[in-house]
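K.L.:
Got a structure for you, written out below as structure tokens; questions coming shortly.
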Amino acid sequence: MPGTPSIDESLKKRGGRVAKLFRNAFSKEVLLFLLFLVVALFFWVLQSIQEIGEYALPVPVKYEAVPGQVTITNDLPDVFKVTLRDKGLTLFQYYRQRRKLAIQLNPMDWYKKDGISYVDRGVIESRIRANLRPTTQLLSISPDTLALFFVEKASKTVPVVLNRDISLHAQHLLMAEPVLHPAVVTAYAPQDMLDKLENVETEVLHAEELNKSTSFKVKLKPSEGIHYSTDHVLVSLKVEEFTEKTLSVPVTGLSFPPNERLLSFPPEVTISFLVGLSAYEGVSANDFVVGVDYQDLLKAENRLFTPKLVKQPPFVQRVRLQLDQVECLIEKK
Numbered sequence: 508m509p510g511t512p513s514i515d516e517s518l519k520k521r522g523g524r525v526a527k528l529f530r531n532a533f534s535k536e537v538l539l540f541l542l543f544l545v546v547a548l549f550f551w552v553l554q555s556i557q558e559i560g561e562y563a564l565p566v567p568v569k570y571e572a573v574p575g576q577v578t579i580t581n582d583l584p585d586v587f588k589v590t591l592r593d594k595g596l597t598l599f600q601y602y603r604q605r606r607k608l609a610i611q612l613n614p615m616d617w618y619k620k621d622g623i624s625y626v627d628r629g630v631i632e633s634r635i636r637a638n639l640r641p642t643t644q645l646l647s648i649s650p651d652t653l654a655l656f657f658v659e660k661a662s663k664t665v666p667v668v669l670n671r672d673i674s675l676h677a678q679h680l681l682m683a684e685p686v687l688h689p690a691v692v693t694a695y696a697p698q699d700m701l702d703k704l705e706n707v708e709t710e711v712l713h714a715e716e717l718n719k720s721t722s723f724k725v726k727l728k729p730s731e732g733i734h735y736s737t738d739h740v741l742v743s744l745k746v747e748e749f750t751e752k753t754l755s756v757p758v759t760g761l762s763f764p765p766n767e768r769l770l771s772f773p774p775e776v777t778i779s780f781l782v783g784l785s786a787y788e789g790v791s792a793n794d795f796v797v798g799v800d801y802q803d804l805l806k807a808e809n810r811l812f813t814p815k816l817v818k819q820p821p822f823v824q825r826v827r828l829q830l831d832q833v834e835c836l837i838e839k840k
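If you count the sequence shown from 1, you need to add 507 to reach our numbering.
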């Protein structure tokens, strides 16, 4: 009949109402159950933190550095494993703040030259207890004794060798060799290793397009079994803009006997070089020596010689003689 719901539709509607009522009832029961569970859990936690319990906890230990000439040959523990007894809340707080329980030991307090020393339980326990509450019982410590095997090393002073990969900006030069501080270090190692050690190298110093003086902290290359008095050096580089300068320098006789001297034609040669702006005015011909060796003159078949540059200031570069040969004679005084 039109407008009259079918039997199937009626059953579906009634079924939907029943399911809805069931879900509502189920939801209420679940919520009520969860509420009671949370309350029960709260009271259980409250009771637990008030109860006395035991807890195993790692206590970190930090060691002060020993002098370079001393080494400890055995492995030392990073932590002491302790068992504590106290209220649950206190133990939980220890767990959360376990890093603050760290203790510090200075091995040199028990130093014995080329011997074995022991840090006994009493010392370790007193250091740990200093970070615990008065109510806390310290039930166990592992290890409860610490052995220290000391060996004294030999020492040797060696120079530091700089490894560098440096480029300079256009129209700039390095005014002097890099200055290292310290330039020498003390190496500590067994004697047979020191006998083979001639120097210590740095890691490679990389620097590009330098246009001013600067300093760098550069690490030393580590060497297994060798300890150095420092692990780095300070490298100072003096960088400056340069220009070219030209000077006339006399040709000097080298290694001549007292009763003879050199006559050269011309008596002077012109040299050109690169120099930093700050040193431009100060550099003079007296800073250079250009000469001809006496023995070379005696062996020569003619009078034409190429003079040698035998001295120049460390802060100039690319020195060039603008005359290849000079005519030389030996004259009696």
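Virtual Cβ for every residue (Gly too), placed ideally from N, Cα, C.
1) What are the boundary residues of the beta strand (DSSP E) that includes Ser624?
2) With distances taken Cα to Cα, identify the nearest neighbour of Val686 among Thr652, Val746, Pro765.
3) Flag this pair as touching only if the stretch 728-744 and the stretch 695-706 have three or more C-beta atom pairs under 8 Å; answer yes or no.
4) Leu836 to Leu770, Cα distance in whole Å?
5) Between the stretch 663-682 and the stretch 590-597, can you find at least three pairs of beta-carbon atoms closer than 8 Å?
6) DSSP three-state label for Gly560, please.
7) Assuming Tyr801 is part of the beta strand (DSSP E), what are its boundary residues?
8) Between which residues of its own chain and Leu598 is the CB-CB distance below 7 Å, once the five residues before and five after are set aside?
9) Which of the three DSSP states is assigned to Asp672 in this structure?
10) By the three-class DSSP mapping on this structure, what secondary structure does Val665 have?
11) Counting pairs of beta carbons, one from the stretch 775-793 and one from the stretch 803-810, are three or more of them closer than 8 Å?
12) Among all the DSSP beta bridges, which residues are the ones paired with Tyr601?
13) Cα separation between Glu838 and Ser762?
14) If we count the other Cβ atoms within 10 Å of its Cβ and call it buried at 16 or more, is Val782 buried or exposed?
15) Does the beta-carbon distance from Leu608 to Val665 come in below 8 Å?
16) On the criterion of 16 or more Cβ atoms from any shown chain inside 10 Å, does Phe780 qualify as buried, or is it exposed?
17) Count the other CB atoms within 10 Å of the CB of Thr652; is the residue buried (16 or more) or exposed (fewer)?
18) Which class does Ser730 belong to by DSSP, given the choice of helix, strand or coil?
19) Could you work out which residue in Glu834, Arg603, Ile631, Val758 is closest to Leu612 when comparing CA atoms only?
20) Figure out for me which residue from Gln829, Pro820, Arg827, Lys840 has the closest Cα to the Cα of Ala683.
P.N.:
The answer reads as follows:
1) As a first step, residue 624 must be located in the sequence shown, where it is residue number 117. Start and end: 623-626.
2) Residue mapping note: residue 686 aligns to position 179 of the sequence shown, counting from 1. Checking every option, the nearest Cα to that of Val686 belongs to Val746.
3) yes
4) Here residue 836 is taken as the residue at index 329 of the sequence shown, counted from 1. Here residue 770 is taken as the residue at index 263 of the sequence shown, counted from 1. Distance between the alpha carbons of Leu836 and Leu770: 5 Å.
5) no
6) For the purposes of this step, residue 560 is identified with residue 53 of the sequence shown, where counting begins at 1. Strand.
7) Locating residue 801 in the sequence shown gives position 294, where the first residue counts as 1. Counting along the chain, Tyr801 falls outside any beta strand (DSSP E), though it belongs to the alpha helix (DSSP H) covering 801-806.
8) Looking up residue 598 in the sequence shown gives position 91. Closer than 7 Å at the Cβ level, and outside the excluded window around Leu598, lie Gly560, Tyr562, Leu591.
9) Looking up residue 672 in the sequence shown gives position 165. Strand.
10) As a working mapping, residue 665 is identified with position 158 in the sequence shown. In this structure, Val665 counts as strand in the three-state DSSP scheme.
11) no
12) The residue given as residue 601 occupies position 94 in the sequence shown. Paired residue(s): none; Tyr601 is not in a bridge.
13) One-based indexing of the sequence shown puts residue 838 at position 331. One-based indexing of the sequence shown puts residue 762 at position 255. In a straight line, the C-alpha of Glu838 is about 14 Å away from that of Ser762.
14) Here residue 782 is taken as the residue at index 275 of the sequence shown, counted from 1. So Val782 ends up on the buried side.
15) Position 101 of the sequence shown, counting from 1, holds the residue named residue 608. Position 158 of the sequence shown, counting from 1, holds the residue named residue 665. The answer is no: Cβ separation not under 8 Å.
16) Mapped onto the sequence shown, residue 780 falls at position 273. Buried: at least 16 other Cβ atoms inside 10 Å.
17) Here residue 652 refers to the residue found at position 145 when the sequence shown is read from its first residue. Exposed, because fewer than 16 other Cβ atoms sit within 10 Å of the Cβ of Thr652.
18) Position 223 of the sequence shown holds residue 730. Here Ser730 sits in strand by DSSP.
19) Counting from 1 along the sequence shown, the entry for residue 612 is found at position 105. The residue with the shortest Cα to Cα distance from Leu612 is Ile631.
20) In the sequence shown, the residue the question calls residue 683 occupies position 176. Cα-wise, what sits closest to Ala683 is Pro820.
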